[in-house]
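Asker: Chains as they are written, first to last, in the working numbering: chain D, -6 to 589; chain L, -6 to 589. Note that CB positions come from ideal geometry on N, CA and C, so glycine has one too. Please read through the structure below; I'll follow up with questions.
Protein chains: 2
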Amino acid sequence: MTIYKAPVEDVTFLLNDVFQVDRYNNLTGFSDATADVRAAIFDEAAKLAEQVLHPLNHSGDLEGCTRHDDGSVTTPKGFKEAFKQFADGGWIGLAAPEEYGGQGLPALLSQTVSEFMSSANMAFGMYGGLTQGAMAALLVHGTPEQKKAFVPNMVTGKWTGTMNLTEPQCGTDLGLMRTKAVKQADGTYEITGTKIFISGGEQDLTENIVHLVLARIEGAPAGMKGVSLFVVPKMKINADGSLGGPNGVSCGSIEHKMGIHANSTCVLNFDNAVGDLVGAENKGMEAMFVMMNEARLGVGVQGLSQSEVAYQNAVAYAKDRLQGRSISGVKAPDKPADPIIVHPDVRRTLMSIRAFNEGARALVVWTSLKSDVAHRSDDPKEREAADDHMGLLTPVIKGVLTDQGFANAVAAQQMFGGHGFIVETGVEQFVRDARITMLYEGANGIQALDLVGRKLGRAGGRAITTFFNEVAAFTKENATNEAMKPFIAPLGAAVKDLQQATMWLMQNAMAKPDNAGAASTDYMHLFGLVAIGYMWARMAKVAQDKLAESGEQPYLKSKLVTGRFFMERMLPETALRLSRIQSGADSMMELSAEAF
Amino acid sequence: MTIYKAPVEDVTFLLNDVFQVDRYNNLTGFSDATADVRAAIFDEAAKLAEQVLHPLNHSGDLEGCTRHDDGSVTTPKGFKEAFKQFADGGWIGLAAPEEYGGQGLPALLSQTVSEFMSSANMAFGMYGGLTQGAMAALLVHGTPEQKKAFVPNMVTGKWTGTMNLTEPQCGTDLGLMRTKAVKQADGTYEITGTKIFISGGEQDLTENIVHLVLARIEGAPAGMKGVSLFVVPKMKINADGSLGGPNGVSCGSIEHKMGIHANSTCVLNFDNAVGDLVGAENKGMEAMFVMMNEARLGVGVQGLSQSEVAYQNAVAYAKDRLQGRSISGVKAPDKPADPIIVHPDVRRTLMSIRAFNEGARALVVWTSLKSDVAHRSDDPKEREAADDHMGLLTPVIKGVLTDQGFANAVAAQQMFGGHGFIVETGVEQFVRDARITMLYEGANGIQALDLVGRKLGRAGGRAITTFFNEVAAFTKENATNEAMKPFIAPLGAAVKDLQQATMWLMQNAMAKPDNAGAASTDYMHLFGLVAIGYMWARMAKVAQDKLAESGEQPYLKSKLVTGRFFMERMLPETALRLSRIQSGADSMMELSAEAF
């Protein structure tokens, strides 16, 4: 039996103290999200996650989804009722515009509570998460009629949404897509083709599913430039909004997967299914990117979420399991052995996960706040800067939080010894579930290429320059603060490594593009380390100030210890990443393909 | 459908050229193992692994083992026939003494082919591997009667063997053991208690199973000092060697596990089971350590084995899967996209796994050779030095080859994108199977403590001093060799890091033992990097010499490129490990347990 407790105190510290979101009351929805409202939302979300969703996590994994001969899919026991509760609670539309029935609150809040839901039950959380992504694409690129037809029913969770990109022969390279769309006399399109890996592609939670589908219009240019986006509901919709008959889309099979068993991953067959064009012809990739960026941030949060729930269970076990005696002297003389949390190597593991999680959570909050600024600010300059930040940090968050989130789930499992390998213990599920986050929404190698090949150089490197300037301003501001020295000095060294790596790329990737590819993953992780290091420095500053004001506060004390651990033990990895980057592409490209 | 091809060329290079095993013909069994005999053995082992065992790997995982109501267990379809073939081929007794029906060949050969078997089908390989471990304990600590009664039937695979250590309340800390042994009038003991996690504890492959069981004799001292070892056959054995009735041991359940589904992991209930004492009363731990050291080396090989088979499948996929175009220009103009092996980030991943595997394989061969010297040399000094080496390197091989072997399986899975998550693709099994190697036979944190707390300081640090001297002699010998510079320089830097870390431990762990625990895992990995780096330098030297002699040889050319990759990209991790070690225990021990 696994446990989960939502980190309400931590997100409250981040929103209230570190990022002081009350300063953003000029943005739509923010003035409604007062500290009291936020606290109420976090408490409700925590209750739902802990009491409704988490109890279904292990049973959902064991039971999985079942496809029946008629193509219908049953989700695990309890999911339907839980989804109703989740939908009725207004969680899907928390940040959606009020005109479509949403609550119009900051997206930041939605992202923050999504960590709770995902920690509690990642497979469950995906049904709502993908619905939010599909909604976002429709809100940006849909016609007023499309928004009206679909969004309100998605906001309420009456319908869910999906993303249909992958085909057997193309995942990363969507230019190879074959699904075709044929324009009909009435302006609609008939979509035909096979999509794979469609999360929530079929389910028994809702009466309808809104599929967003990439396809190629007859006669469109080859490659990515000939791809368009369509909205294809599972059940057709009548002019009055009521449900019509079934559309030409069916679930051919569901995948047997390593994890997220409770989310149905479908092969969807489109057979002259009726769809509506979303956005302009052949501009499908742009529309899809709206969904994908949203989804990538969400997947990063999933990585963090599995790291967090795995950590909590490892901590509980480490406090409880008696094995051996402390190397520095018996700690529990009344017991046959000490709890394993006395052992430094166990501590090292737990502290490493914890330090990562708290830093990563800050990074997510920071970036989600930028997302609200990018979408809701009146000031174009502010919007641009926030959008730059999103572009730069989204691949980092996706890649780093999932790579490390998975590694952390494995490390947490390690604390259980052999018991960690046993299904009933429950932690091995966190590992299996976390594994998908490194693969979907663009495998992490693609995130690294997106960062190095696209985001870094955009607009003359404007985004990273802003990032460097902000960190430099912070370190300068705190340069003479003695108490901040354990944070500022290591951060300074790490930033220097990132600057050198950036410089190296500028000097070496133009002449030889393989150098960029060879550096990409290490650069992404180097960036992640610096960004999380910066988060820790900011958190430490706030914690120190609050402590000075209000005296002894265990939460703040722990925060500072954990931050120092990150700075001493984890941040210095930047030097290794830099040295790898600087070694270039030669040794990895020298062998011929045949030599492998 | 996964593939596997045994690395015969690589092990041949290691045995013939790098370690020149023909120089050891003074050791029993070595003169029989001529180059021709070795080649024949490798070919036969490869055939068995590739054609018989690997085809059962995925089906075995899917089907798993089944326990029936009467406590009997069925292994997956095909396992019984395959085990007969495996046993009849003489693979279990390859290195066992001829007087017990073994072939008396070097243990080195047995260890080398065990990688093939384990890559092909790890769950299958365990049945034989544990039998070899149990046999080793009986050969060292058993009475002549016990050896005669059990070993010949284990050599032929007529019976298998198991190790019974773990109980629900004790894994690492065997002092907490409760299983009890009561001496009977006839000198035998009645064993009563429950053991868990017993690999191959019940099966339908053989007519009998030889359980080696740790238990506490009535009135024995508390803790580890009161633990004795017993041999408890599943079926009693009559005086004439024929099978008697069932003994009081039964399989209560089989575990549901993350991986190695095809190996039955049993809860074994001992209920007044008749057993024979092995070795002296209360000296069970010593006897068990013979098995455990053997087993730990074997588990290290399992880690390598999953890394290897995962690598081979990732390579095949990377050459086949078309996605995107090379960043340095189109490579396959006749195809809709380039195979993904053109992408540097894919190369980086494949080269990292390969460089680790080849270096780790050398380390295993080197250490297995020392095992033969330790057991078979006439010279006590030579035996002592070899035993030192084994003691020092066994925890390193177990910990590093499994931590990294697992990480490599994950990295290989990553090459498949979303397809890697699908059960039918087959690579996710390598990840799940590899995961156990970090946990069993002493979780890797325990290996690190064994290294730092026990092995390092033993006999005044004699073992590590010998290691440092050997590496220093090699670097000195090649100091002026220009071609060896790319190997000698990084190796020198890495050795310096290891020396500094060792010094730091000597200076800081005495006064504050937590510093040793805090450093242990990083020290183990630092040691592993240096040891593998040394292996690469030695391989490079031999490859260069052979190339100079014989001209163009693709295998040797690839070896040198792969070695350079290791030196440039992977070995520099030693600096990070050192910096972590030097940061000490303070930041990880500061929080109270309640603060977690």
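Using a cut-off of 8 Å between C-beta atoms, extract the partners of GLY234 of chain L located in chain C.
Answerer: You won't find chain C in this structure, because its protein chains are D and L.
Asker: Considering only their Cβ atoms, is the gap separating GLU108 of chain L from SER298 of chain L smaller than 7 Å?
Answerer: Against a cut-off of 7 Å, the Cβ pair of GLU108 of chain L and SER298 of chain L comes out as a contact.
Asker: Name the one or two DSSP bridge partners that PRO506 of chain L has.
Answerer: According to DSSP, PRO506 of chain L bridges with nothing at all.
Asker: Is ARG31 of chain D close to chain L, meaning its C-beta is less than 7 Å from at least one C-beta of that chain?
Answerer: Closer than 7 Å: no.
Asker: Taking C-beta to C-beta, are LEU236 of chain L and GLY277 of chain L nearer than 7 Å?
Answerer: Cβ atoms of LEU236 of chain L and GLY277 of chain L: not closer than 7 Å.
Asker: Based on DSSP bridge pairs, tell me the residues matched to THR199 of chain L.
Answerer: Note: THR199 of chain L sits in no beta bridge, so no partner.
Asker: Taking the Cβ atom as the reference point for each residue, do MET284 of chain D and GLY135 of chain D lie within a distance shorter than 7 Å?
Answerer: Against a cut-off of 7 Å, the Cβ pair of GLY135 of chain D and MET284 of chain D comes out as no contact.
Asker: Label SER300 of chain L either buried or exposed according to how many other C-beta atoms from any shown protein chain fall within 10 Å of its C-beta, with 16 as the threshold for buried.
Answerer: When all chains shown are included, SER300 of chain L counts as buried.
Asker: Report the residues of the segment 309 to 329 of chain L with a CB closer than 8 Å to any CB of chain D, ordered along the chain.
Answerer: Taking 8 Å as the Cβ-Cβ cut-off against chain D, the residues of the segment 309 to 329 of chain L that qualify are ALA311, LYS312, LEU315, GLN316, GLY317, ILE320, SER321, PRO329.
Asker: In three-state terms, what does DSSP make of SER361 of chain D?
Answerer: In this structure, SER361 of chain D counts as helix in the three-state DSSP scheme.
Asker: How would you call THR387 of chain L, buried or exposed, if buried means at least 16 neighbouring beta carbons within 10 angstroms?
Answerer: Buried, by the Cβ-count rule.
Asker: For the alpha helix (DSSP H) holding PHE76 of chain D, just list the boundary residues, first then last.
Answerer: Per DSSP, PHE76 of chain D belongs to the alpha helix (DSSP H) from 72 to 81.
Asker: Mind reading off the beta-carbon distance from PHE349 of chain L to ASN401 of chain L? Whole number of angstroms is fine, and I expect it under 8 Å.
Answerer: With a Cβ gap of about 6 Å, PHE349 of chain L and ASN401 of chain L count as contacting.
Asker: Hey, how far is the Cα of TRP359 of chain D from the Cα of ILE390 of chain D?
Answerer: Approximately 11 Å, taken between the alpha carbons.
Asker: Flag this pair as touching only if the segment 513 to 522 of chain L and the segment 439 to 448 of chain L have three or more C-beta atom pairs under 8 Å; answer yes or no.
Answerer: These segments touch.
Asker: Determine the direct distance from the alpha carbon of GLN162 of chain L to that of ALA(-1) of chain L, and round the result to whole angstroms.
Answerer: Rounded to whole angstroms, ALA(-1) of chain L to GLN162 of chain L spans 40 Å at the Cα level.
Asker: Bridge partners for TRP152 of chain L per DSSP, in chain order?
Answerer: Paired residue(s): L:ASN201.
Asker: Since GLY126 of chain L is in the alpha helix (DSSP H), which residue starts that stretch and which ends it?
Answerer: Residues 115 to 134.
Asker: Please look up how many angstroms separate the CB atoms of THR342 of chain L and MET408 of chain L, rounded, as I've assumed it's under 8 Å.
Answerer: Correct: roughly 6 Å between the Cβ atoms.
Asker: What are the residues of the segment 507 to 532 of chain L that lie near chain D, defined by any Cβ-Cβ distance shorter than 9 Å?
Answerer: Hits within the stretch, in order: ASP507, ASN508, ALA509, GLY510, ALA511, ALA512, SER513, THR514, ASP515.
Asker: Counting along the chain, where does the beta strand (DSSP E) carrying ALA(-1) of chain D start and finish?
Answerer: First-last for ALA(-1) of chain D: undefined, no H or E at that position.
Asker: Note down, in chain order, each residue of its chain lying with its Cβ closer than 6 Å to the Cβ of GLY219 of chain D, except the 5 sequence neighbours on either side.
Answerer: Only ARG209, ALA213, ASN275 meet the Cβ criterion.
Asker: Check the C-beta distance from THR67 of chain L over to ASP197 of chain L and give it rounded, since I have them as a contact under 8 Å.
Answerer: Confirmed, about 5 Å.
Asker: THR165 of chain L and LEU123 of chain L: beta carbons closer than 7 Å?
Answerer: Their beta carbons are not under 7 Å apart, which means THR165 of chain L does not touch LEU123 of chain L by this criterion.
Asker: Considering only residues of the same chain and omitting the five flanking positions on each side of ILE(-4) of chain D, which have a CB-CB separation below 7 Å?
Answerer: Excluding residues within five positions, the ones whose Cβ falls inside 7 Å are GLN305, ASN306, ALA309.
Asker: Within the continuous alpha helix (DSSP H) that includes LYS489 of chain D, where are the two ends?
Answerer: Element bounds for LYS489 of chain D: 478 to 501.
Asker: Considering only DSSP beta bridges, list what ARG209 of chain D is partnered with.
Answerer: Its beta-bridge partners are D:LYS173, D:VAL220.
Asker: Quick test of your reading: TYR93 of chain D and VAL148 of chain D, contact by CB under 8 Å. State the CB separation rounded to the nearest angstrom.
Answerer: Indeed they touch by this definition, with Cβ atoms about 6 Å apart.
Asker: Which full runs of the alpha helix (DSSP H) of 4+ residues lie inside the segment 20 to 106 of chain D, going along the chain?
Answerer: The segment 20 to 106 of chain D contains these whole alpha helix (DSSP H) runs: 28 to 40, 50 to 56, 72 to 81.
Asker: Evaluate the contact criterion for the segment 534 to 543 of chain D versus the segment 363 to 371 of chain L: three or more CB pairs, one atom per stretch, below 8 Å.
Answerer: Counting Cβ pairs under 8 Å, fewer than three are found: no touch.
Asker: Grab me the residues of ALA541 of chain L's own chain with a C-beta within less than 7 Å of its C-beta, minus the 5 sequence neighbours each way, in chain order.
Answerer: Contacts found: none.
Asker: ASP580 of chain L and ARG557 of chain D look like a contact to me (Cβ under 8 Å); what is the Cβ gap, rounded to whole Å?
Answerer: One point to set straight first is that residue 580 of chain L is Ser, not Asp, in the sequence displayed. Right, their Cβ atoms sit about 5 Å apart.
Asker: For the alpha helix (DSSP H) that contains MET582 of chain L, what are its first and last residues?
Answerer: Where MET582 of chain L is concerned, the enclosing alpha helix (DSSP H) stretches over 579 to 582.
Asker: Pull the bridge partners of LEU315 of chain L from the DSSP assignment, please.
Answerer: Looking at the DSSP assignment, LEU315 of chain L forms a beta bridge with L:PRO332.
Asker: What residue range does the beta strand (DSSP E) around ASP599 of chain L cover?
Answerer: The first residue shown for chain L is -6 and the last is 589, placing residue 599 of chain L beyond what the model contains.
Asker: Looking at the strands, I want to know which residues DSSP matches up with GLY268 of chain D.
Answerer: For GLY268 of chain D, which the question treats as bridged, DSSP gives the partners D:TYR182.
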